[in-house]
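Residue numbers (full-length UniProt numbering), protein chains in the order written: chain A, 1 to 510; chain B, 1 to 127.
Virtual Cβ for every residue (Gly too), placed ideally from N, Cα, C.
Small disclaimer: the values here were computed from a predicted structure and weren't measured.
Below is one structure, written out as structure tokens; comments come after it.
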Amino acid sequence: MSNLIVVPTVLPAMTAALLILALRHDLARQRIASVAATAALLAITIGLFMLASDGQPRAYLLGNWPAPFGIVLVLDGLSATMLVLTSALAFLILPYAIKGWDAQGRHFHALFQFQLLGINGAFLTGDLFNLFVFFEVMLIASYGLMLHGGGAPRLKAGFQYVAINLVASTLFLFAVGLIYAVTGTLNMADLAGKVAQIAAGDQALLKSGALMLLIVFAIKAALVPLHWWLPATYAATSAPSAALFMIMTKVGAYSILRVYALIFGAEAGALAQLANPWIPPAAIVTLVFGSVGMLASRTLRDLVCFWVVASMGTLLIALGTFDLPGVTAALYYLIHSTLTGAALFLLADLVAERRAQWLDRLIPAPEIQRATLIGGLFFLAAIAAVGMPPLSGFIGKLMVLEALRGAPGWPLIWFAILGTSLLMIVGFAHAGSTLFWKSRDANKIVEESDRRSFLPIVVVALLLAGTAGLSVAAGPATRSLEGIARQALDPNPYVRAVLGTDARVRAAGR
Amino acid sequence: MELLVASATGVLVAVGVYLLLRGRTFPVIVGLTFLSYAANVFLFAIGRLAINRPPIISPNASGYTDPLPQALVLTAIVISFGMTALIVVLALRGFLETGSDRVDLDTLDDARAPRKKPDPGRGDWPA
Numbered sequence: 001m002s003n004l005i006v007v008p009t010v011l012p013a014m015t016a017a018l019l020i021l022a023l024r025h026d027l028a029r030q031r032i033a034s035v036a037a038t039a040a041l042l043a044i045t046i047g048l049f050m051l052a053s054d055g056q057p058r059a060y061l062l063g064n065w066p067a068p069f070g071i072v073l074v075l076d077g078l079s080a081t082m083l084v085l086t087s088a089l090a091f092l093i094l095p096y097a098i099k100g101w102d103a104q105g106r107h108f109h110a111l112f113q114f115q116l117l118g119i120n121g122a123f124l125t126g127d128l129f130n131l132f133v134f135f136e137v138m139l140i141a142s143y144g145l146m147l148h149g150g151g152a153p154r155l156k157a158g159f160q161y162v163a164i165n166l167v168a169s170t171l172f173l174f175a176v177g178l179i180y181a182v183t184g185t186l187n188m189a190d191l192a193g194k195v196a197q198i199a200a201g202d203q204a205l206l207k208s209g210a211l212m213l214l215i216v217f218a219i220k221a222a223l224v225p226l227h228w229w230l231p232a233t234y235a236a237t238s239a240p241s242a243a244l245f246m247i248m249t250k251v252g253a254y255s256i257l258r259v260y261a262l263i264f265g266a267e268a269g270a271l272a273q274l275a276n277p278w279i280p281p282a283a284i285v286t287l288v289f290g291s292v293g294m295l296a297s298r299t300l301r302d303l304v305c306f307w308v309v310a311s312m313g314t315l316l317i318a319l320g321t322f323d324l325p326g327v328t329a330a331l332y333y334l335i336h337s338t339l340t341g342a343a344l345f346l347l348a349d350l351v352a353e354r355r356a357q358w359l360d361r362l363i364p365a366p367e368i369q370r371a372t373l374i375g376g377l378f379f380l381a382a383i384a385a386v387g388m389p390p391l392s393g394f395i396g397k398l399m400v401l402e403a404l405r406g407a408p409g410w411p412l413i414w415f416a417i418l419g420t421s422l423l424m425i426v427g428f429a430h431a432g433s434t435l436f437w438k439s440r441d442a443n444k445i446v447e448e449s450d451r452r453s454f455l456p457i458v459v460v461a462l463l464l465a466g467t468a469g470l471s472v473a474a475g476p477a478t479r480s481l482e483g484i485a486r487q488a489l490d491p492n493p494y495v496r497a498v499l500g501t502d503a504r505v506r507a508a509g510r
Numbered sequence: 001m002e003l004l005v006a007s008a009t010g011v012l013v014a015v016g017v018y019l020l021l022r023g024r025t026f027p028v029i030v031g032l033t034f035l036s037y038a039a040n041v042f043l044f045a046i047g048r049l050a051i052n053r054p055p056i057i058s059p060n061a062s063g064y065t066d067p068l069p070q071a072l073v074l075t076a077i078v079i080s081f082g083m084t085a086l087i088v089v090l091a092l093r094g095f096l097e098t099g100s101d102r103v104d105l106d107t108l109d110d111a112r113a114p115r116k117k118p119d120p121g122r123g124d125w126p127a
């Protein structure tokens, strides 16, 4: 049964190879193969989630090499949750892409599968260097997806995106090098035991390595001041790619949680709680910056991009506490913001394709077709995004506020979260009323009936149904996420699963 | 030798960062290449500097050099090589499509709106 752990990386890799080698010229069959593979991936990740729900981390040793020497994949509650979220998001986005986006360039489906390979691998790996490799796989595929369809603005933004990520990769290599030079290992479980034993003279080197790693993850998670690539990139890319990229910022958040709870957590001696002083202040600035950016946006797509930045701020404020209520709230908000963000990007595209040359710019234009339906969906998505009852954004923000009560400087944090919620309401209200109510010329309603397929609207509705389900099932969901957060914050079961011994026992034996 | 390797890494990083901050695509790409060279040299040094020692087990070896950094650096070289090829193509395509090799996005807002179509924001409403 635990052999299933390797499937979320192998299945997309084989599918992508099949798509490129055998089905290169046959878009119809590509679509069938891609959807079938993603559906299978969803089923398998749900199976893995059930497997992990007993609270026991499981290690998969590739080639059966013993743990600190070979490559190891680790499945625990946190990685299983992220895998299910990824495959569910991919499964929902794929029908949207099949509506026509995938025909605008070549190899969309192969790139999509490679992207899933990289993301799943990053969630499963138990080794820092393999995390680097899976980051690269994920990024290479994302360059292709980001540029899918071409066009001058996309190429311009794409160059910046590739350049910033190449710098981040180089930083990742330096950080990994520093950590290896001091500890002699890159296995995360092995590192968890060794970091506390480092000689005093080497601690400065290890600390610089660990903080450089934080910079890399902060770039991925779009934490201010390393956020500026995100609005430019996500606004320039195609809608399905932007929706899938919602999970990529979460890879950064996941890596921060994994590395700084497991390796540099409470038991890391002199380097314990290394990330704690850095993340919350940067996250508050991220939240404020994103919300102010929403007010300055001139297109719906830009507005959503800045909302993504702001939502990463909220998420990381909660995550930065590294305690049980904080991480539980962060995980809940993570699932909510991924689904809502994807729905918003797809909605921006639905609006843009119906407004002829006005696209999604926030200026009055002739009324769009199916304005009531799309406007209604936008209203629901905006409610979820801003954090108004009854959708999951409200519960998520409430949990974040509750988790931070009593934290140092909590009145300021509460003020930031509640104040920026007001800015978000203003931003979304302005966008919605301009797009759906302020018709420039009432007589100019385009006559031809809307012959577009209903499928994209169904996809958006399903994504929003996900956030609605998350708020209906908030009780069981938070209980489950609390168990997962407790597991993520306790390095010992993880280390035992990988190395067979307790971190402290190992450390004492040296 | 430590001084030589350390200063070589430092100089490569300095050159890379300087070029990275230029405003046109070609210097940026060269800067990225310098940075990845620096990372490769640095990765070589993390297994400590050892001369004339084998990385694999041999009966008449007096000592060993750490083989793992060599495996890491090989992976890093392959990835950065592929990435450099990609970004060169990307820069060329960008130059051919926009007629400019500038890195900044100043022209993005103009480019995003199709040029031939009227801009209702400026009052030219189609008849």
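Cα atoms of A:TYR260 and A:SER208: separation of roughly 14 Å, rounded to the nearest angstrom.
Nearest Cα to A:LEU418 within the set A:ARG370, A:VAL400, A:PHE112 and A:HIS430: A:VAL400. Proximity of chain B to A:GLY177 at the Cβ level (cut-off 7 Å) is accounted for by PHE42, LEU43 and ILE46, in chain order.
The beta carbon of A:ALA474 sits closer than 6 Å to those of ILE395, all from its chain and outside the five residues before and after it, given in chain order. Taking 7 Å as the CB threshold, A:TYR180 lines the interface with chain B. For A:ILE317, the closest alpha carbon among the candidates A:THR372, A:MET294 and A:ILE413 is that of A:ILE413. Contact between the segment 95–106 of chain A and the segment 118–133 of chain A is absent, with fewer than three C-beta pairs closer than 8 Å. By the criterion of at least three beta-carbon pairs nearer than 8 Å, the segment 48–66 of chain B is not in contact with the segment 154–172 of chain A. With the criterion set as a beta carbon lying under 7 Å from some beta carbon of chain B, the segment 306–324 of chain A has no members that meet it. Residue pairing by DSSP places A:VAL72 opposite A:LEU61 in a beta bridge. Three or more Cβ pairs drawn from the segment 339–351 of chain A and the segment 297–312 of chain A lie within less than 8 Å of each other, which places the two stretches in contact. The CB of A:GLN160 comes closer than 9 Å to the CB of VAL103, ASP104 and LEU105 in chain B, given here in chain order. In this structure, A:MET212 sits near A:ALA175, with a CB-CB distance shorter than 7 Å.
A:LYS156 belongs to the set of residues whose beta carbon lies under 7 Å from a beta carbon in chain B. Counting C-beta pairs closer than 8 Å gives three or more between the segment 71–86 of chain A and the segment 43–55 of chain A, which meets the contact rule.
A:VAL167 reaches chain B at LEU20, LEU32 and LEU35, counting residues in chain order whose Cβ is nearer than 8 Å. B:GLU2 has a beta carbon lying at 7 Å or more from every beta carbon in chain A. Taking the beta carbon of B:THR25 as reference, the chain A residues within 7 Å of it are PHE159, listed in sequence order.
A:PHE129 and A:ILE368 have their C-alpha atoms spaced approximately 50 Å apart. Around A:ILE219, the same chain offers ALA168 and LEU226 as residues with beta carbons nearer than 6 Å, after the five sequence neighbours per side are excluded. No Cβ-Cβ contact shorter than 7 Å links A:ALA310 with A:GLY326. It is roughly 14 Å from the alpha-carbon of A:GLY406 to the alpha-carbon of A:LEU324. When the Cα atoms are used, B:PHE34 and A:ILE119 turn out to be separated by approximately 28 Å. Between A:ALA272 and B:VAL13, the alpha-carbon positions lie close to 30 Å from each other.
Counting only the Cα atoms, A:ARG452 lies some 45 Å from A:ILE279. Contact between A:LEU173 and A:ALA141 is ruled out by a C-beta separation of about 20 Å, above the 8 Å threshold. Cβ proximity to chain B below 7 Å picks out PHE129, VAL133 and GLU136 from the segment 118–136 of chain A.
In terms of CA proximity to A:LEU398, A:ALA329 leads the group A:PHE428, A:GLY341 and A:ALA329.
Closer than 7 Å to the CB of B:LEU12 there is not a single CB belonging to chain A. Its Cα nearest to that of A:TYR161, the residue B:ILE29 stands out among B:GLY10, B:GLU2 and B:ILE29. Considered as a whole, the segment 343–429 of chain A harbours 371–386 and 392–404 as its complete alpha helix (DSSP H) runs of no fewer than 4 residues, in chain order. Fewer than three beta-carbon pairs drawn from the segment 57–77 of chain B and the segment 89–100 of chain B are found closer than 8 Å, and the two stretches are therefore not classed as touching. B:ILE87 belongs to the set of residues whose beta carbon lies under 7 Å from a beta carbon in chain A. Here A:ASN187 carries a strand assignment [DSSP, helix/strand/coil]. Between A:LEU23 and A:ARG29, the C-beta spacing is below 7 Å.
Within chain B, no residue has its beta carbon less than 7 Å from that of A:LEU346; the closest one is some 19 Å off.
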